[in-house]
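To start, the structure under review is shown below, and the notes come after it.
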Amino acid sequence: MEAWHILASILCLGLVLGGITAEPVEDKQALLDFFNNLPHSRLLNWNLSTWVCGNWTGVTCSADGSRVIAVRLPGVGFEGPIPPNTLSRLSALQLLSLRSNGISGHFPYDFFNLKNLSFLYLQYNDLSGPLPADISVWRNLTVINLSNNRFDGTIPNSISNLTQLNALNLANNLLSGEIPNLNFPNLQHINLSNNNLSGRIPESLRKFPDSVFAGNNVSFDKISPPSSPVLAPSTVPHSKSTNARGVGEAALLGIIIAACVLGLIAFTFFVVFCCSRKKGGVEYSGKLVKGMSPEKLSSRTQEANNRLVFFDGCNYAFDLEDLLRASAEVLGKGTFGMAYKAILEDATTVVVKRLKEVSVGKRDFEQQMDIVGSIRQENVVELKAYYYSKDEKLMVYDYYPQGSVSSMLHGNKGGERVSLDWNARMRIALGAARGIARIHEENSGKFVHGNIKSSNIFLNSQHHGCISDVGLSTVMSPLAPAISRAAGYRAPEVTDTRKASQASDVYSFGVVLLELLTGKSPIHTTGGDEIIHLVRWVHSVVREEWTAEVFDVELMRWPNIEEEMVEMLQIAMSCVVRMPDQRPKMSDVLKMIENVPRAEQGNVPSGSRAPPMTGNEALV
Numbered sequence: 127m128e129a130w131h132i133l134a135s136i137l138c139l140g141l142v143l144g145g146i147t148a149e150p151v152e153d154k155q156a157l158l159d160f161f162n163n164l165p166h167s168r169l170l171n172w173n174l175s176t177w178v179c180g181n182w183t184g185v186t187c188s189a190d191g192s193r194v195i196a197v198r199l200p201g202v203g204f205e206g207p208i209p210p211n212t213l214s215r216l217s218a219l220q221l222l223s224l225r226s227n228g229i230s231g232h233f234p235y236d237f238f239n240l241k242n243l244s245f246l247y248l249q250y251n252d253l254s255g256p257l258p259a260d261i262s263v264w265r266n267l268t269v270i271n272l273s274n275n276r277f278d279g280t281i282p283n284s285i286s287n288l289t290q291l292n293a294l295n296l297a298n299n300l301l302s303g304e305i306p307n308l309n310f311p312n313l314q315h316i317n318l319s320n321n322n323l324s325g326r327i328p329e330s331l332r333k334f335p336d337s338v339f340a341g342n343n344v345s346f347d348k349i350s351p352p353s354s355p356v357l358a359p360s361t362v363p364h365s366k367s368t369n370a371r372g373v374g375e376a377a378l379l380g381i382i383i384a385a386c387v388l389g390l391i392a393f394t395f396f397v398v399f400c401c402s403r404k405k406g407g408v409e410y411s412g413k414l415v416k417g418m419s420p421e422k423l424s425s426r427t428q429e430a431n432n433r434l435v436f437f438d439g440c441n442y443a444f445d446l447e448d449l450l451r452a453s454a455e456v457l458g459k460g461t462f463g464m465a466y467k468a469i470l471e472d473a474t475t476v477v478v479k480r481l482k483e484v485s486v487g488k489r490d491f492e493q494q495m496d497i498v499g500s501i502r503q504e505n506v507v508e509l510k511a512y513y514y515s516k517d518e519k520l521m522v523y524d525y526y527p528q529g530s531v532s533s534m535l536h537g538n539k540g541g542e543r544v545s546l547d548w549n550a551r552m553r554i555a556l557g558a559a560r561g562i563a564r565i566h567e568e569n570s571g572k573f574v575h576g577n578i579k580s581s582n583i584f585l586n587s588q589h590h591g592c593i594s595d596v597g598l599s600t601v602m603s604p605l606a607p608a609i610s611r612a613a614g615y616r617a618p619e620v621t622d623t624r625k626a627s628q629a630s631d632v633y634s635f636g637v638v639l640l641e642l643l644t645g646k647s648p649i650h651t652t653g654g655d656e657i658i659h660l661v662r663w664v665h666s667v668v669r670e671e672w673t674a675e676v677f678d679v680e681l682m683r684w685p686n687i688e689e690e691m692v693e694m695l696q697i698a699m700s701c702v703v704r705m706p707d708q709r710p711k712m713s714d715v716l717k718m719i720e721n722v723p724r725a726e727q728g729n730v731p732s733g734s735r736a737p738p739m740t741g742n743e744a745l746v
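Quick note on numbering: the sequence shown equals residues 127 to 746 in this note's numbering.
Structure representation (structure tokens):
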């Protein structure tokens, strides 16, 4: 009997553990059937060997992990019709977002099986044909966005049964017929613009602005306010009529004066508000691209197709609309544009570089981005995606919360320096050298970085240097050395930033090495406001005598590194010689750094510790 109790306990424990570790197998297979049967240009980390919940890009499970409740796959590059009997098997699905793809064909009628669907986003695809006649089966629908497709036919009257609807967007389609009466208590947003709709706007929708119906042949008649009762002339004495008119004119004048005063107050408040926002400078927090809302963007769909171009292996699940809606913080102004830290609705954090003054056309820009995006090396910051339109050029990177090497050496936004010991600086130099050498191998050994500086170097997961901002100099307008923020890094022969060479990259890297050795900025001022150029200053000190005056006082606290520092100084000096043909190639510089003897640093200063990974400066 006791044995049976033990066996029963084991079985119960097995069931409990099985419930904990189980995953939604049927939902997983449905997703794989969908993904494997619909052509796509981006790879996702979806496979049988990994767990769905918490691992698969764009997939959210219920709290107990038993069902898939949300699928977000915008901008994955899907092409063609949705395979039948795939997504429709996700019967617990509450949110589906496939926007900004190339999905074609008719509306998937087997979506009727998704009885729990609350949010449906299929905008910016190539779907066509009529909308389903009876969509009342989705009684939980809160948001429907089918805009920017090629749907035709009429808006089904059954839509009036979706009493939970909060937002409806059918703009930029080919819909015709009259607008049904949508008397929903929760409806807050609607957009039916740019279709072929006709007739009168239902009374239930006249509270919305005319713009949401623009581009249709509909009547914009509004409900006239009830007229005030007017006494017949025979019942009003002539003298009272004159007084009433006089009072009306006086009242009107008072209203005009009051409106002017209120307008002046409002304008003053607006100016003060704008000024207060500008005082923050790089602390501005708001939307990524001011003045470019997703709604305004829709008018440019034909030009840019509202799509980010992602590179293979990128597992981000967002599109341009997500970026424009993201909260953004300005991280800094770089040589070629502004850098923003963008936090998306799903808490994904990326760095977005908004380029200024791109001088090449779309084809040349895309070709350069394709080269940059193909570089895969742990010491090169990977370009995840880019966007090109006439008005905006954006680049998307991972976010490095520990900040750049520049912020560590010199402080950032008034912050303190991070104490970097010699080993940390060697790892930075070695990693950056490996990254630049890899970049120089690209395009048959002719590729150039063009903008090497410490604010474009970050630390990877092994705390080695990782180079960013690759290959932009050739697509940007030239910058005069005198006004460029990168002037201290620029080789003397470079007068046109578009004509940087691998030799000038070596010079710029040499300046970074001097920066690591001295702790000084490439161009800095003394107490007497004298402008000092780092390369010239080091040359003058070395010419006079070989002294410890060159090296950062922070490094003098560590023993047994003098020989290493001297060798690194010699490498740096060979990189910054004036004549380009006398500089070593980057591959040779890398070998020299790798061959620097590494002394044991067992004796560290009292109370010293590894540098904390702090700071929030990113790609600038």
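Even for Gly, the Cβ is constructed at its ideal location relative to N, Cα and C.
These figures come from a predicted structure and were not determined experimentally.
Is the Cβ-Cβ distance between Pro258 and Phe233 less than 8 Å?
Their beta carbons are under 8 Å apart, which means Pro258 touches Phe233 by this criterion.
How about Glu152 and Arg215: do their beta carbons lie closer than 8 Å?
Cβ atoms of Glu152 and Arg215: closer than 8 Å.
Under a Cβ-count criterion, where at least 16 other Cβ atoms within 10 Å of its own Cβ denotes burial, should Gly180 be classed as buried or exposed?
Counting the other Cβ atoms within 10 Å of the Cβ of Gly180 gives fewer than 16, which makes it exposed.
When the Cα atoms are used, what is the spatial distance from Asn227 to Ser337?
So the alpha carbons of these two residues sit roughly 26 Å apart.
Limits of the beta strand (DSSP E) - the one that Val477 falls within
Counted as a single uninterrupted DSSP element, the beta strand (DSSP E) harbouring Val477 occupies residues Thr475 to Leu481.
Per-residue DSSP class, three states only, for Thr280
DSSP places Thr280 within a strand segment (E or B) once states are collapsed to three.
Close-in-space but distant-in-sequence residues of the same chain around Phe436 (CB under 6 Å, 5 per side omitted)
Closer than 6 Å at Cβ, skipping near neighbours: Arg168 and Ala511.
DSSP beta-bridge partners for Asp524?
Looking at the DSSP output, Asp524 bridges to Val476.
When burial is assigned at 16 or more other CB atoms within 10 Å of the CB, is Phe396 buried or exposed?
In this prediction, Phe396 has a pLDDT of 46, which is less than 50 and means its spatial position is unreliable; nothing more can be read from the coordinates.
Could you tell me which residues DSSP puts in a beta bridge with Cys187?
Val194.
Could you give the DSSP three-state label for Ala218: helix, strand or coil?
Look at Ala218 here: in three-state DSSP terms it is coil, with no helix or strand label.
Excluding the five sequence neighbours on either side, which residues of its own chain have a C-beta within less than 6 Å of the C-beta of Val476, listed in chain order?
Within the same chain, Val476 has close Cβ partners Ala468, Val522 and Tyr525.
Continuous beta strand (DSSP E) stretch holding His575: start and end
Going by DSSP, His575 is part of no beta strand (DSSP E) at all; its letter is neither H nor E.
For Ser614, which of Lys625, Asn163, Val507 and Phe635 has the nearest alpha-carbon?
One detail in the question is off: residue 614 reads as Gly in this sequence, not Ser. For Gly614, the nearest C-alpha among the options comes from Phe635.
Cutoff 6 Å; reference Ser580; Cβ partners in own chain excluding five residues on either side:
In the same chain as Ser580, and ignoring 5 residues on each side of it, the C-beta atoms closer than 6 Å to its own belong to Val531, Ser532, Val638 and Glu641, in chain order.
Under the three-state DSSP convention, the category Ile565 falls into
Per DSSP, reduced to three states, the secondary structure at Ile565 is helical.
Through-space distance from Asp622 to Arg616, alpha-carbon basis
Counting only the Cα atoms, Asp622 lies some 10 Å from Arg616.
Where Arg590 sits in the DSSP three-state scheme
The sequence given here places His at residue 590; Arg does not occur at that position. Residue state, collapsed to three classes: coil.
Have a look at Leu598, Glu508 and Leu301 and flag the residue whose alpha-carbon is nearest the alpha-carbon of Leu323.
Out of Leu598, Glu508 and Leu301, the CA that lies nearest to the CA of Leu323 is found in Leu301.
Between the C-alpha atoms of Asp678 and Lys646, what's the straight-line distance to the nearest angstrom?
As the crow flies, the alpha-carbon of Asp678 is around 8 Å from that of Lys646.
Check Tyr250 in the structure and name its three-state DSSP category.
Reduced to three states, the DSSP call for Tyr250 is coil.
Within its chain, find whatever has a CB closer than 8 Å to the CB of Ala563; leave out the 5 residues flanking it on each side and keep chain order.
Answer for Ala563: Met712, Ser713, Val715 and Leu716, listed in chain order.
Quick check: Ile195 and Ile208, are their CB atoms within less than 8 Å of each other?
Cβ atoms of Ile195 and Ile208: not closer than 8 Å.
Rounded C-alpha distance that separates His584 from Thr600:
The residue you asked about is not His; residue 584 is Phe in the sequence shown. Straight-line Cα distance between these residues: approximately 22 Å.
Inter-residue spacing [alpha-carbon to alpha-carbon] between Val178 and Thr474:
Distance between the alpha carbons of Val178 and Thr474: 18 Å.
Quick one: give me the first and last residue of the beta strand (DSSP E) that Glu304 is part of.
That run of the beta strand (DSSP E) goes Leu300 to Glu304.
Does the separation of the CB atoms of Ile270 and Leu246 fall below 8 Å?
Going by C-beta atoms, Ile270 is nearer than 8 Å to Leu246.
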